[in-house]
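S.K.: Let me begin by handing over the structure; questions about it come next.
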Amino acid sequence: MLLNNLKHIYGRMSHAAMRAGRCPGEVRLIAVSKNVGADVLKNAVDIGIRDFGENRLQEAGPKIASIGKAFAESKVVWHLIGHLQKNKAKTAVRLFDLIHSVDSPELAALIDRYAGETGKTQRILLQVKLSDEESKYGIVRDAVAGAVRQISLMKNLRLEGLMTVPPYIEDPEKVRPFFIELRSIRDLLRSDGYNINELSMGMSHDFEVAVEEGATMVRVGTALFGQRNKEAL
Ligand SMILES: *Cc1c(COP(=O)(O)O)cnc(C)c1O
43 MLLNNLKHIY GRMSHAAMRA GRCPGEVRLI AVSKNVGADV LKNAVDIGIR DFGENRLQEA
103 GPKIASIGKA FAESKVVWHL IGHLQKNKAK TAVRLFDLIH SVDSPELAAL IDRYAGETGK
163 TQRILLQVKL SDEESKYGIV RDAVAGAVRQ ISLMKNLRLE GLMTVPPYIE DPEKVRPFFI
223 ELRSIRDLLR SDGYNINELS MGMSHDFEVA VEEGATMVRV GTALFGQRNK EAL
C-alpha cells in the first residue's frame with residue numbers, strides 16, 4: 043500500500059519534471075507524516091523515505107525520538123512545515139533539520155539565537171503569503187526582500203529558499219499562478235545576489251503542477267499515507 047503509493051508519486055513527480063525539461067532528481071519528496079503513527083513511519087523509513095514533514099512540535103517530538111532510536115544509522119531529515127510560535131522556537135531548533143515556516147525576521151532572530159547557543163547552523167526557508175485567502179501565516183510579497191536582507195545577516199541561519207501554502211483550490215491549474223509567483227520571487231532574490239534555491243511548494247492534489255513550475259521540495263501527505271483523521275489537524 044505505502045510502497046505502491048510511493049512508486050506512484052515518484053512516477054508522477056518524474057513525469058512532471060520531464061515535461062518541464064527538469065531532471066527528476068532535482069525534486070525531493072517530503073513525506074508529510076502529521077497524524078501518522080510511529081509504526082507507519084518506520085515502514086516508510088524501511089521503504090526508503092528519509093524526509094518527513096511535521097506541523098506540530100508536540101506530536102513530532104516523540105516520533106522523532108522513536109525513529110531516531112530505531113534507525114540510528116539512517117539519516118532521517120525532519121522538516122517543520124507548520125506554523126511556529128515564537129515561544130517554541132527553541133524546541134524547533136532542537137528537533138528539526140529544516141524549518142520551512144519562518145514567517146518574520148523576529149522569529150528568525152530567535153531561531154538564530156537558539157541555534158547559536160547550541161552551535162548549530164539552522165537551515166530555514168521563508169514562508170511567503172501570496173494571497174489573502176491562503177494560510178494566515180507568511181511574509182507578504184512586498185516584505186520579502188527586506189526580510190531576506192535582515193535574515194542573511196544572522197550568523198547561525200542558512201536561508202535556503204522559500205515556501206508557500208496557496209489557498210486550497212480543487213483545480214490544480216488555478217494554483218499554478220501561485221507557484222509561478224513564488225518562483226519569480228526566488229529568481230529576483232537570486233538576481234540580487236542571494237544564494238537561495240529551494241522552492242517548497244505543492245501538496246497531494248497539486249504537486250505535479252508545482253514540479254512543472256520549479257518546486258525543489260513537494261510536501262505530500264494524503265496521497266502517500268491515505269486520508270487521515272482531519273479532526274486531529
Ligand atoms: C498537511 C500539509 C501538507 C500535506 O497536505 P496533503 O494534502 O495531505 O498532501 C503540506 N503542507 C503543509 C503546510 C501541511 O500542513
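The opening position of the sequence shown corresponds to residue 43 in the working numbering, with each subsequent residue numbered one higher. Glycine included, every Cβ here is placed at the ideal spot set by N, Cα and C. All values reported here derive from a predicted model rather than from experimental measurement.
1) Among Gly263, Gln269 and Glu255, which one has its Cα closest to the Cα of Arg64?
2) Out of Ala185, Glu250 and Gly263, which one is the CA nearest neighbour of Asp213?
3) Since Leu126 and Ala114 are thought to touch, with beta carbons under 8 Å apart, how far apart are those beta carbons, to the nearest angstrom?
4) Ordered along the chain, which non-local residues of its own chain (more than five positions away) have a Cβ less than 8 Å from that of Ala257?
5) Among Val186, Leu195, Thr160 and Arg200, which one has its Cα closest to the Cα of Leu140?
6) Can you check which of these residues, Lys171, Val190 and Glu175, is closest to Ile181 by C-alpha distance?
7) Check whether chain C comes within 8 Å of Ile106, counting only Cβ atoms and requiring the distance to be less than that.
8) State yes or no: is the C-beta of Ala265 nearer than 7 Å to some heavy atom of ligand 1?
9) Does the beta carbon of Ser194 fall short of 7 Å from some heavy atom of ligand 1?
10) Between Ile123 and Glu96, what straight-line distance do the alpha-carbon atoms span, to the nearest angstrom?
M.R.: On the basis of the data shown:
1) Position 22 of the sequence shown, counted from the start, is the residue given in the question as residue 64. Of the candidates Gly263, Gln269 and Glu255, the one whose C-alpha sits nearest the C-alpha of Arg64 is Glu255.
2) The sequence position of residue 213 within the sequence shown is 171, counting from 1. Minimum Cα distance to Asp213 is reached at Glu250.
3) Looking up residue 126 in the sequence shown gives position 84. Looking up residue 114 in the sequence shown gives position 72. Leu126 to Ala114, Cβ: 27 Å. No contact.
4) Position 215 of the sequence shown, counted from the start, is the residue given in the question as residue 257. Result list for Ala257: Val69, Phe221, Leu241, Ser242, Met243, Gly244 and Phe249, in chain order.
5) In the sequence shown, counting from the first residue as 1, residue 140 sits at position 98. Minimum Cα distance to Leu140 is reached at Arg200.
6) To locate residue 181, count along the sequence shown from 1; it is residue 139. When each option's Cα is compared against that of Ile181, the closest is Lys171.
7) Going by chain labels, chain C is absent from the structure shown, which holds only one protein chain.
8) As a first step, residue 265 must be located in the sequence shown, where it is residue number 223. Ala265 has its Cβ nearer than 7 Å to a heavy atom of ligand 1.
9) For the purposes of this step, residue 194 is taken as residue 152 along the sequence shown, with counting starting at 1. Checking the Cβ of Ser194 against ligand 1 gives no.
10) As a working note, residue 123 is residue 81 in the sequence shown. As a working note, residue 96 is residue 54 in the sequence shown. Straight-line Cα distance between these residues: approximately 6 Å.
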